[in-house]
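Read through the structure below, which is laid out as structure tokens, and then see the notes.
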Amino acid sequence: MAATPAKAAANLTQEELAGYIDHSVLKPEFTRAEIERTITEGIAFGCKTVCVNPSAMAIARALCVGTRTGVSVTCDFPFGQSPLESKIWQMKYLHEVAAHTYPHDFSFPGLDKPCQAPLEIDVVANYGFIRSELWEKVMREFKAMVEACRRSGVALKVILETDALTKAQIARATELACHAGVNFVKSSTGFYTGERLDHGPGATPEVIALMLKAAKGQCKVKASGGIRTREHFLRLIDMGVDRVGVGYRSMPLLLGMDTQTGNIGTSPLSDVRKLIPTAKSMLSQIISFWRGLRDDEHGGYYGYMDFDLQVDKTADKGTILNSRILWFFSKAAVILEDSGLLEEARHAYRFLTERCLDKEHGGVYWSVRHDGAPADTTKHTYNQAFAIYALSAYYQATGDLSARSLIIDIYCLIETHCADKYGYIEAFSRDFKPVPNDKLSENGVMADKTMNTLLHLAEAYASYVEAETPQKKYSIGAVSDSLRHILDIFLQKVYNSELHRNEVFFDAEMAPLKRDGRAFDLHSYGHDIEASWLLDWAASLAAPLDLPLDDDEVSPPDLARTVRGATGALAENVYQRAFHNRSLWNECENGRPDETRVWWVQAEGVVGFVNAYQRTGDPRFFRAAEEMLEYIQTYLVDKRPGSEWFWDVDGNGAPSSGKPIVEPWKCPYHNGRMCLEILRRG
75 MAATPAKAAA
85 NLTQEELAGY
95 IDHSVLKPEF
105 TRAEIERTIT
115 EGIAFGCKTV
125 CVNPSAMAIA
135 RALCVGTRTG
145 VSVTCDFPFG
155 QSPLESKIWQ
165 MKYLHEVAAH
175 TYPHDFSFPG
185 LDKPCQAPLE
195 IDVVANYGFI
205 RSELWEKVMR
215 EFKAMVEACR
225 RSGVALKVIL
235 ETDALTKAQI
245 ARATELACHA
255 GVNFVKSSTG
265 FYTGERLDHG
275 PGATPEVIAL
285 MLKAAKGQCK
295 VKASGGIRTR
305 EHFLRLIDMG
315 VDRVGVGYRS
325 MPLLLGMDTQ
335 TGNIGTSPLS
345 DVRKLIPTAK
355 SMLSQIISFW
365 RGLRDDEHGG
375 YYGYMDFDLQ
385 VDKTADKGTI
395 LNSRILWFFS
405 KAAVILEDSG
415 LLEEARHAYR
425 FLTERCLDKE
435 HGGVYWSVRH
445 DGAPADTTKH
455 TYNQAFAIYA
465 LSAYYQATGD
475 LSARSLIIDI
485 YCLIETHCAD
495 KYGYIEAFSR
505 DFKPVPNDKL
515 SENGVMADKT
525 MNTLLHLAEA
535 YASYVEAETP
545 QKKYSIGAVS
555 DSLRHILDIF
565 LQKVYNSELH
575 RNEVFFDAEM
585 APLKRDGRAF
595 DLHSYGHDIE
605 ASWLLDWAAS
615 LAAPLDLPLD
625 DDEVSPPDLA
635 RTVRGATGAL
645 AENVYQRAFH
655 NRSLWNECEN
665 GRPDETRVWW
675 VQAEGVVGFV
685 NAYQRTGDPR
695 FFRAAEEMLE
705 YIQTYLVDKR
715 PGSEWFWDVD
725 GNGAPSSGKP
735 IVEPWKCPYH
745 NGRMCLEILR
755 RG
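Numbering-wise (the numbering used here), the sequence shown opens with residue 75 and increments by one.
Structure (structure tokens):
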């Protein structure tokens with residue numbers, strides 16, 4: 075048992091205080107979203123564990139990958155009245171599922187300590203036996219539970235439910251538990267509503283002092299129940315408890331984040347909310363700018379604006395550009411609850427479906443003329459993916475079944491023409507005959523397949539799954555299967571587990587390209603930080619983290635946890651290698667970094683680091699996101715009237731390249747999405 079802290083609890087840091095806390099996520103009425111959000115908050119606070127019900131254990135352990143927060147799971151909660159044999163079976167089952175769902179030695183680079191995330195079991199004693207003073211039965215139960223957990227290497231906390239007991243019964247039960255070898259005795263479940271006997275309710279100082287005295291240092295004491303003031307919390311720590319069970323609503327107050335003076339300290343939500351005013355300001359400018367590029371004569375949005383802000387109304391209109399605009403206005407309409415933005419989305423939708431869609435061969439063209447006539451009729455998997463991405467957002471915003479029908483048509487087209495046994499062929503003629511993949515090949519190589527296309531295909535399929543799931547009208551099984559397949563390709567072929575980065579270019583069999591007989595050494599910082607959060611999101615949709623019930627449901631949770639391990643490593647590696655002077659370098663080829671600050675790399679960096687912070691609670695990531703947002707506002711946001719963001723700036727923050735403000739790749743996708751993600755997450 076830990077001795078009384080060397081310094082008073084009032085002098086402990088927020089991080090030290092959080093290390094005492096088991097963050098309670100035990101409301102039986104919690105939805106899946108509420109469970110994930112509350113667990114994530116506990117991780118970001120830096121709590122010792124999150125305490126969950128068995129049905130949420132796999133979710134909790136997956137979310138704790140790459141963090142310093144462990145998992146406590148309840149057993150026979152909250153009544154403790156199952157037969158002893160049932161309790162032992164439950165403990166064995168919980169341990170076996172835990173061992174399957176999350177390896178104890180998982181770690182990724184950059185953490186000071188590997189994430190062990192040990193499983194702890196909080197089991198409710200049969201307090202009817204204790205009230206009846208059937209001490210032989212009580213001791214038999216304690217010993218059997220200790221032996222079951224000892225064989226599994228799991229820490230055992232026994233909940234006495236002190237509210238139901240007399241002081242004498244509390245003392246005796248604590249003594250027996252310690253003699254049996256439990257790791258912790260715990261006061262309350264928080265669910266008892268019966269009559270109190272000769273003491274106050276919950277983890278009062280009186281009750282905890284009684285337990286500490288009876289334990290005599292032979293086991294640890296966890297205080298739980300009714301701890302809702304900072305004074306109470308600090309006093310219990312000063313008394314010598316080793317752990318404190320805290321409800322999710324009380325956490326900010328106990329850690330000094332919400333005081334009577336109105337001062338708000340740091341917390342996961344308050345931190346992200348700090349970014350919202352800047353994001354709203356940027357988003358307003360982006361919306362206004364792109365509204366101004368609407369082409370009411372020929373449809374869609376103008377396809378080119380040079381550095382001097384001159385619009386070329388006769389420039390070709392890229393389908394990627396129009397798809398991303400459709401996505402942006404659809405998502406903004408939903409997140410901002412602004413129905414006026416739906417008209418912009420409908421305008422983009424009409425152009426996509428009337429002009430960019432090939433009515434003869436299916437799929438969308440690479441580009442069309444300013445008046446909508448076909449220009450480049452190449453059919454590229456990347457382009458088809460962005461059409462699905464955009465149509466999914468529009469379908470989610472409007473419920474338009476014609477959009478859903480197009481999604482399914484393009485999905486079937488991709489899986490029929492583009493998929494092969496190694497991955498996805500990328501470039502085709504109009505009638506889907508393979509052609510060289512020049513559009514997605516860069517850096518002096520010609521790649522058959524690319525990480526970039528695969529990433530955005532995953533994004534597209536995930537977007538449809540997200541749009542369809544709440545409505546529960548149509549089956550998404552095939553798309554979910556395809557998405558899981560793509561994620562598996564990422565893990566097996568794209569993610570380099572030794573270098574903690576994604577490879578970029580591949581041959582037809584998904585082997586990384588070589589040049590001059592040597593591995594092609596390219597690290598794309600922007601794509602890696604983008605992948606670090608996009609793949610997390612995609613995995614959460616394709617591979618649910620719920621407790622597996624049978625062998626058929628084992629693979630998806632495993633996949634999600636493995637994806638989280640890779641994405642955590644990606645974010646950490648980018649932070650270590652590319653984050654300099656409040657911004658991200660572009661890429662590194664053959665050990666030579668390109669230090670250009672590209673607009674989309676900075677935008678994805680903000681989201682990627684916010685995601686890493688929310689997953690791990692590591693303040694480095696939030697500081698990086700905060701500094702990058704400030705950098706963007708200072709250097710990349712073009713202050714000239716009628717402009718948006720510069721394409722890139724040099725090491726001094728100057729837009730020296732003179733690249734266009736709008737062109738087929740320069741759109742409100744990365745920067746608009748950054749703003750919307752901040753609003754969504756805050």
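All C-beta atoms in this analysis are idealised placements derived from N, C-alpha and C, irrespective of residue type, glycine included.
| message | To the nearest angstrom, how far is the alpha carbon of V442 from that of D450? | response | Rounded to whole angstroms, V442 to D450 spans 7 Å at the Cα level.
| request: Determine, using beta-carbon pairs with one atom in the region 601-612 and one in the region 635-647, whether at least three such pairs fall under 8 Å. | output: Flag = yes, the region 601-612 and the region 635-647 touch.
| message | For A459 and P102, what's the separation of their Cα atoms in angstroms? | response | A459 and P102: Cα-Cα distance of roughly 39 Å.
| For E89, three-class secondary structure by DSSP | It is helical.
| query | Do the region 667-676 and the region 586-594 meet, that is, are 3 or more Cβ pairs less than 8 Å apart? | reply | Judged by Cβ distances under 8 Å, the region 667-676 makes no contact with the region 586-594, as fewer than three pairs qualify.
| task | Could you check if D412 is buried or exposed, using at least 16 other CB atoms within 10 Å of its CB as the buried criterion? | result | Burial check for D412: the Cβ neighbour count within 10 Å stays below 16, so the residue is exposed.
| request: Quick one: using the 10 Å Cβ neighbour count with 16 as the cut-off for buried, is T388 buried or exposed? | output: Counting Cβ neighbours within 10 Å, T388 comes out exposed, since fewer than 16 surround it.
| Looking at C-beta atoms only, is the number of pairs between the region 268-284 and the region 226-242 that lie closer than 8 Å three or more? | In short, these stretches touch, since the Cβ pair count reaches three.
| field | Segment limits, alpha helix (DSSP H) that includes D512 | value | Judged by DSSP secondary structure, D512 falls outside any alpha helix (DSSP H); it is assigned neither H nor E.
| said: Can you list, in chain order, the residues of its chain with a C-beta nearer than 7 Å to that of A130? Leave out the 5 residues immediately preceding and following it. | reply: Counting only residues of its own chain and dropping the five nearest sequence neighbours on each side, A130 has a CB closer than 7 Å to the CB of V99, I109.
| said: Could you check whether F402 and G679 sit closer than 7 Å to each other, using their CB atoms as the reference points? | reply: Going by beta carbons, G679 and F402 fall outside the 7 Å limit.
| Cβ contact check for the region 496-510 and the region 536-556: 3 or more pairs under 8 Å | For the pair of segments examined, the region 496-510 was found not to touch the region 536-556: the number of CB pairs separated by less than 8 Å stays below three.
| Going along the chain, which unbroken runs of the alpha helix (DSSP H) with 4 or more residues stay wholly within the region 643-727? | If one requires a minimum length of 4 residues, the alpha helix (DSSP H) runs lying completely within the region 643-727 are 673-690, 693-705, in chain order.
| task | Whole angstroms is fine: what's the gap from I162's alpha carbon to I361's? | result | Taken atom to atom, the span from the alpha-carbon of I162 to that of I361 is near 59 Å.
| For Y167, which option in S226, C138, C121 has the closest C-alpha, if you only look at C-alpha atoms? | Of the listed residues, the one whose Cα sits closest to Y167 is S226.
| request: Kindly provide the ranges of any beta strand (DSSP E) runs that are 3 or more residues long and lie completely inside the region 436-469, ordered along the chain. | output: Correct list: empty.
| said: Let's see if you can read the secondary structure: which residues bound the alpha helix (DSSP H) around S33? | reply: With the chain represented from 75 up to 756, any question about residue 33 goes unanswered, as that position is not in the structure.
| query | Got a sec? Which residues, its chain only, sit under 8 Å from D610 by beta carbon, not counting five neighbours each side? | reply | For D610, where only same-chain residues beyond five positions count, the Cβ hits under 8 Å are V637, R638, T641, N685, R689.
| Just the Cα atoms here: how many angstroms apart are Y376 and R135? | Each residue's CA atom was taken as its position, placing Y376 and R135 some 48 Å apart.
| Counterpart residues of M379 in DSSP-defined beta bridges | Paired residue(s): V385, V736.
| request: Ignore the nearest five residues each way along the sequence and tell me which others in Y322's own chain have a CB closer than 8 Å to its CB. | output: Once the five neighbours on either side are set aside, the close Cβ partners of Y322 are H97, S98, V99, T112, E115, G116.
| said: When you compare the region 566-582 with the region 543-555, are there three or more beta-carbon pairs, one atom per stretch, that lie closer than 8 Å? | reply: No, they do not touch.
| Length of the line joining the Cα atoms of S556 and H597 | Their Cα atoms are separated by approximately 27 Å.
| request: Could you name the residues of the same chain whose beta carbon sits closer than 6 Å to that of L487, not counting the 5 residues immediately before and after it, in chain order? | output: Excluding residues within five positions, the ones whose Cβ falls inside 6 Å are G436, G437.
| Buried or exposed: which applies to G691, given that a residue is buried once 16 or more other Cβ atoms fall within 10 Å of its Cβ? | Around the beta-carbon of G691, 16 or more other beta-carbon atoms lie within 10 Å, marking it buried.
| said: How far does the beta strand (DSSP E) with G757 in it extend, from its first residue to its last? | reply: For residue 757 there is no data in the structure shown, the boundaries of the chain being 75 and 756.
| Range covered by the beta strand (DSSP E) that runs through S156 | Looking at the DSSP string, S156 is not in any beta strand (DSSP E), and its letter there is neither H nor E.
| Can you pull the DSSP bridge partners for A493? | A493 is bridged to Y498.
| task | Give a yes or no on whether the C-beta atoms belonging to G732 and F381 are separated by under 7 Å. | result | Yes.
| said: Could you compute how far the alpha carbon of L710 sits from the alpha carbon of E418? | reply: The straight-line gap separating the alpha-carbon atoms of L710 and E418 is approximately 25 Å.
| query | Start and end of the alpha helix (DSSP H) containing L753? | reply | Its alpha helix (DSSP H) spans residues 744-755.
| said: Cutting at 6 Å between CB atoms, please list the residues of its own chain near K217, excluding the five before and the five after it. | reply: Once the five neighbours on either side are set aside, the close Cβ partners of K217 are A254.
| request: Tell me whether M379 is buried or exposed, calling it buried when 16 or more other Cβ atoms sit within 10 Å of its Cβ. | output: Buried is the label assigned to M379, since at least 16 other Cβ atoms lie within 10 Å of its Cβ.
| Grouping DSSP H, G and I as helix and E and B as strand, with all else coil, what is S598? | S598 falls in the strand class under three-state DSSP.
| request: Taking S479 as part of the beta strand (DSSP E), name the residues at either end of that continuous run. | output: Element bounds for S479: not the beta strand (DSSP E) but the alpha helix (DSSP H), 475-487.
| task | Give every residue of the same chain whose Cβ lies closer than 6 Å to the Cβ of A251, excluding the five residues on either side of it in the sequence, and list them in chain order. | result | Cβ neighbours of A251 beyond the five flanking positions: F216, V232, V259.
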